[in-house]
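Residue numbers (UniProt numbering): 1 to 184.
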């Protein structure tokens, strides 16, 4: 009999404790770990006329911002280094008389453009800035190797070219910068 009374008392005590002290329960919450911003402290270059922006490391400088009848260009240069990214917009395509952006991209795939495409007609399609860009490896007259990326900006009717040295000195840095490109 004492056992039944003790067991009943314990059960009653647990039930009453549950309802009388609801705030004492352990609450498990997940605290999200903030993801570090890989571009924190970077500068942003924006060109409203051509509708693009790109982020670059704060120890880099811009040079050029050339704007004439034939083309627009700007160069981003790493401090104390030979690393750079060159952005070029041709106002007139040299491949045909008044071609469309799509036709010009097809000609770039076949023949290259600013430099001699190392593997003529071999391009990789990559998603970039909400568009399908083409990427090629090229070599200039001095046998310097480059990466060329052509991004069609259909709403502005031009092709934005990005060119940078094809070497491992800067690691994935070039690709990291290029991924920040935005078209608007």
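Backbone N, C-alpha and C fix where the C-beta goes; we use that ideal spot for every residue, glycine too.
Residue i burial status per 10 Å Cβ neighbour count (16 or more: buried)
i           : result
residue 16  : exposed
residue 155 : exposed
residue 52  : buried
residue 2   : exposed
residue 20  : exposed
residue 33  : exposed
residue 18  : exposed
residue 104 : buried
residue 12  : exposed
residue 5   : exposed
Proximity test, Cβ basis, 7 Å: residue i and chain D
i           : result
residue 179 : The structure shown contains no chain D; it holds only a single protein chain.
Spatially closest choice to residue i from the options, by CA coordinates
i           : options            : result
residue 81  : 178, 125, 179, 173 : 173
residue 123 : 130, 83, 106, 46   : 106
residue 147 : 140, 164, 157, 134 : 164
residue 149 : 137, 142, 141      : 137
residue 90  : 63, 9, 70, 104     : 70
residue 72  : 59, 88, 43         : 88
residue 126 : 151, 143, 64, 63   : 151
Residue range of the unbroken beta strand (DSSP E) whose run includes residue i
i           : result
residue 71  : 71-78
residue 43  : 43-47
residue 139 : 131-139
residue 125 : 124-128
residue 147 : 145-153
Cut-off 8 Å between Cβ atoms - residues of its own chain near residue i, not counting five sequence neighbours on either side
i           : result
residue 153 : 50, 51, 52, 101, 131, 159, 160, 183
Distance between beta carbons of residue j and residue i, contact taken as under 8 Å
i           : j          : result
residue 177 : residue 56 : 6 Å
residue 61  : residue 79 : 7 Å
residue 180 : residue 84 : Going by Cβ atoms, the distance from residue 180 to residue 84 rounds to 16 Å, so no, they are not a contact pair.
residue 185 : residue 43 : Residue 185 falls outside the range modelled here, since the chain spans only 1 to 184, and no answer is possible.
Cutoff 6 Å; reference residue i; Cβ partners in own chain excluding five residues on either side
i           : result
residue 86  : 75, 163
residue 46  : 53
residue 170 : 83
Where the alpha helix (DSSP H) containing residue i begins and where it ends
i           : result
residue 19  : 2-20
residue 176 : 173-178
Same chain only: Cβ atoms within 7 Å of residue i, ignoring 5 sequence neighbours per side
i           : result
residue 36  : none
residue 166 : 137, 145, 146, 147
residue 77  : 60, 61, 63, 84
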